[in-house]
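Novice: Numbering (the numbering used here), first residue to last: 515 to 997. Here it is, the structure, as structure tokens.
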């Protein structure tokens, strides 16, 4: 080997080491089954100290579930990430996307929950989302929403959903509130269903009431097809998704895109303020090839001495951590990571900034009632081959009234003509006065009484099924009882 070739190899190795500096200190903690948290302190290529926090969630574990949420007060409000995590019994979580900070805290980009568009901006940002089967994705796109006027078949693009008024056509749904709050320059149509069709009810000039069972179309400026609308007209609003994304359950737009198909991307800063690519606190999310979700924060502008990162360095970091696809989330003062019942990074403002939405990690046995997922403050457990569920939470979800007598240590649940009584100290219960033996004795966990799952069927007549492969509980109020 010639000296020139050897020198080139050495220089290449030096560049690689500078680009991917090894952690000088790292500590990992198992948060729950399939979920780990790692904190590391490292140096960047300029010798600056960088504090990185990483939550890694194994999505192939049936108990591990990513979940997008918004602030407890709904669209336009904010809440601390730790509050959202505790409200949803999450083991970990990270702040979500950009939002308007000057007025109502509306997400800047598209936000979808439970299959419905809660808000939609005008940009085409990177987006993290979940399909109906909880398959995660990171891609660049935004849904395409169109208004069709039945009498003329004319179509118009809806520019935004549940955003403050501007030039163009905007749609307002009940998620936005009870009224649009728009100025008199806005021409607005309230729409409600009639005989299976969407029909225009009234015309307003600004601040139209939003029907609980309908929506409002609002526009300013010249919007040709809209001028022909009148009370009584039938219309339809249709949202189109790119191929493969037709069954989106939840989605959060933000960005820029950092890694795609395993390749580091040059961040697109077109729609971002120039100062956002300086050294800043960072939040990012990534998906690995082996189906792990990465929640990552980088501290900056705080007492810890961490320098922060630019987007290019963040992209390199996400690639190094194993991301096949990754994107940035809202950073700066919003950067927050929750793990192990506390905030684990050091927010640059000295405390948590309240944010509009978040991405959480739930780790508990999934329980569904008539197809709807049920979440518990204390998760179900599997003990001696029996699944135990929180009695109060489950019974109340089934419509029963539950009472606890501290003196007698007796739990009483009443639904219709059925009365259930049991004590956490006994494996026997009474259903309408008749004794029923429980598979295993109830368990007290964090102040909650957990009872055997099969007891639900006996007590309230619900049909209960346990999928041992997926580790999932399915409860139906009608149907055949599990053998």
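Backbone N, C-alpha and C fix where the C-beta goes; we use that ideal spot for every residue, glycine too. Note that the coordinates shown come from a computational prediction; the quantities given were computed from them, not determined experimentally.
Using 8 angstroms as the Cβ pair cut-off and three pairs as the minimum, do the region 712-723 and the region 677-696 touch?
Specialist: Segments in contact, yes.
Novice: Determine the extent of the alpha helix (DSSP H) in which residue 825 is found, giving its start and end residues.
Specialist: Sequence index remark: in the chain shown, residue 825 carries index 311 (1-based). Its alpha helix (DSSP H) spans residues 825-834.
Novice: Candidates 910, 652 and 619: which alpha carbon is nearest residue 584's?
Specialist: For the purposes of this step, residue 584 is taken as residue 70 along the chain shown, with counting starting at 1. Checking every option, the nearest Cα to that of residue 584 belongs to 619.
Novice: If you reduce the DSSP assignment to three classes, tell me which class residue 458 lands in.
Specialist: Given a span of 515 to 997 for the chain in the structure shown, any question on residue 458 remains unanswerable.
Novice: Which complete alpha helix (DSSP H) runs does the region 659-684 hold, if anything under 4 residues is left out?
Specialist: Runs of the alpha helix (DSSP H) inside the region 659-684: none found.
Novice: Give me the residue from 920, 962, 932 and 969 with the minimum Cα distance to residue 941.
Specialist: Numbered from 1 along the chain shown, position 427 holds the residue referred to as residue 941. If we check each option's Cα against that of residue 941, 969 comes out closest.
Novice: Which whole-angstrom value is the C-beta distance of residue 762 and residue 629, which I expect to be below 8 angstroms?
Specialist: Taking the chain shown and counting its residues from 1, the one referred to as residue 762 is at position 248. Taking the chain shown and counting its residues from 1, the one referred to as residue 629 is at position 115. Confirmed, about 7 angstroms.
Novice: Name the DSSP bridge partner or partners of residue 731?
Specialist: Within the chain shown, the letter at position 217 stands for residue 731. DSSP, once it has assigned bridges, lists 685 and 703 as partnering residue 731.
Novice: Can you look up residue 866 in the DSSP assignment and give me helix, strand or coil?
Specialist: The residue labelled residue 866 in the question sits at position 352 within the chain shown. Residue 866 falls in the coil class under three-state DSSP.
Novice: Going by beta carbon distance, what residues of the same chain come within less than 7 angstroms of residue 924, once the five residues before and after it are set aside?
Specialist: Taking the chain shown and counting its residues from 1, one reaches residue 924 at position 410. So the list reads 935 and 937, once near-sequence residues are dropped.
Novice: Alpha carbon to alpha carbon, what distance is there between residue 986 and residue 979?
Specialist: As a position in the chain shown, residue 979 is number 465, starting the count at 1. As a position in the chain shown, residue 986 is number 472, starting the count at 1. Distance between the alpha carbons of residue 979 and residue 986 is about 8 angstroms.
Novice: Between the region 586-601 and the region 835-844, do at least 3 Cβ pairs fall closer than 8 angstroms?
Specialist: Output reads no: the region 835-844 does not touch the region 586-601.
Novice: Once the 5 residues before and after residue 566 are set aside, which same chain residues still bring their CB inside 6 angstroms of it?
Specialist: The count along the chain shown starts at 1 and reaches residue 566 at position 52. Cβ neighbours of residue 566 beyond the five flanking positions: 554 and 812.
Novice: Between the alpha carbons of residue 570 and residue 680, how many angstroms are there, rounded?
Specialist: On the chain shown, residue 570 is found 56 positions in, with the first residue counted as 1. On the chain shown, residue 680 is found 166 positions in, with the first residue counted as 1. Looking at the two C-alpha atoms, the distance is approximately 41 angstroms.
Novice: Using the C-alpha atoms, what's the distance from residue 933 back to residue 948?
Specialist: In the chain shown, counting from the first residue as 1, residue 948 sits at position 434. In the chain shown, counting from the first residue as 1, residue 933 sits at position 419. The alpha-carbon atoms of residue 948 and residue 933 are separated by roughly 10 angstroms.
Novice: What residue does the beta strand (DSSP E) around residue 711 start on, and which one ends it?
Specialist: Indexing the chain shown from 1 puts residue 711 at position 197. Here the beta strand (DSSP E) through residue 711 covers 711-719.
Novice: For residue 735, decide whether its Cβ has a neighbour in chain D, counting only Cβ atoms nearer than 7 angstroms.
Specialist: In the structure shown, chain D cannot be found, because there is only a single protein chain.
Novice: What residue does the beta strand (DSSP E) around residue 877 start on, and which one ends it?
Specialist: Mapped onto the chain shown, residue 877 falls at position 363. That run of the beta strand (DSSP E) goes 871-877.
Novice: Excluding the 5 residues preceding and the 5 following residue 913 in the sequence, name in chain order all residues of the same chain whose CB lies nearer than 6 angstroms to its CB.
Specialist: In the chain shown, residue 913 corresponds to position 399, counting from 1. Within the same chain, residue 913 has close Cβ partners 929.
Novice: Would a C-beta distance cut-off of 7 angstroms place residue 797 and residue 549 closer than the cut-off?
Specialist: The sequence position of residue 797 within the chain shown is 283, counting from 1. The sequence position of residue 549 within the chain shown is 35, counting from 1. The answer is no: Cβ separation not under 7 angstroms.
Novice: To which residues does DSSP link residue 573 through a beta bridge?
Specialist: Here residue 573 refers to the residue found at position 59 when the chain shown is read from its first residue. Answer is none; residue 573 lacks a bridge partner.
Novice: Find the nearest neighbour of residue 874 within the set 604, 965 and 730, judged by alpha-carbon distance.
Specialist: Working through the chain shown from its first residue, we reach residue 874 at position 360. The option with the nearest alpha carbon to residue 874 is 604.
Novice: Given that a residue counts as buried once 16 or more other Cβ atoms are within 10 Å of its Cβ, and exposed if not, what is residue 697?
Specialist: Locating residue 697 in the chain shown gives position 183, counting from the first residue. Classification for residue 697: exposed.
Novice: Measure from the alpha carbon of residue 646 to the alpha carbon of each residue in 967, 765 and 772, then state which is nearest.
Specialist: As a first step, residue 646 must be located in the chain shown, where it is residue number 132. Among 967, 765 and 772, the Cα nearest to that of residue 646 is on 765.
Novice: Suppose the cutoff is 6 angstroms on Cβ atoms and the five residues either side in sequence are ignored; what does the same chain contact list for residue 651 look like?
Specialist: Working through the chain shown from its first residue, we reach residue 651 at position 137. Around residue 651: 643.
Novice: Counting pairs of beta carbons, one from the region 704-716 and one from the region 739-757, are three or more of them closer than 8 angstroms?
Specialist: The region 704-716, when compared against the region 739-757, does touch it at the 8 angstroms Cβ threshold.
Novice: In this structure, does DSSP put residue 855 in helix, strand or coil?
Specialist: Start at 1 with the first residue of the chain shown, and residue 855 comes out as number 341. Three-state DSSP puts residue 855 in coil, outside helix and strand.
Novice: For the candidate residues 706, 955 and 586, whose alpha-carbon lies nearest to that of residue 729?
Specialist: Counting from one through the chain shown, the residue named residue 729 turns up at place 215. Ranking the options by Cα distance to residue 729, first place goes to 706.
Novice: Can you confirm whether the region 810-824 touches the region 856-863 when touching is taken to mean that 3 or more C-beta pairs between the two stretches lie within less than 8 angstroms?
Specialist: A contact exists between the region 856-863 and the region 810-824.
Novice: Identify which residue in 670, 660 and 540 has its Cα closest to the Cα of residue 742.
Specialist: What you label residue 742 is simply residue 228 of the chain shown in a count that begins at 1. Of the candidates 670, 660 and 540, the one whose C-alpha sits nearest the C-alpha of residue 742 is 670.
Novice: Would you mind sorting residue 756 into buried or exposed? The rule is 16 or more other CB atoms within 10 Å of its CB.
Specialist: In the chain shown, residue 756 corresponds to position 242, counting from 1. When all chains shown are included, residue 756 counts as exposed.
Novice: So, for residue 594: in the same chain, excluding its five sequence neighbours on each side, which residues have a beta-carbon less than 6 angstroms away from its beta-carbon?
Specialist: Position 80 of the chain shown holds residue 594. Excluding positions up to five away in sequence, the list reads 866 and 868.
Novice: Excluding five sequence neighbours on each side, which residues of the same chain lie with their C-beta closer than 6 angstroms to the C-beta of residue 890?
Specialist: Mapped onto the chain shown, residue 890 falls at position 376. 904 and 907, listed in sequence order.
Novice: Would you decide whether residue 616 is buried or exposed? Buried here means 16 or more other CB atoms lie within 10 Å of its CB.
Specialist: What you label residue 616 is simply residue 102 of the chain shown in a count that begins at 1. Under this definition residue 616 is an exposed residue.
Novice: Where does the unbroken alpha helix (DSSP H) through residue 841 begin, and where does it stop?
Specialist: Looking up residue 841 in the chain shown gives position 327. It is not in any alpha helix (DSSP H) - residue 841 instead sits in the beta strand (DSSP E) that spans 837-842.
Novice: Residues in its own chain within less than 6 angstroms of residue 896 by CB, not counting five upstream and five downstream?
Specialist: For this step, residue 896 is matched to residue 382 along the chain shown. Here the set comprises nothing.
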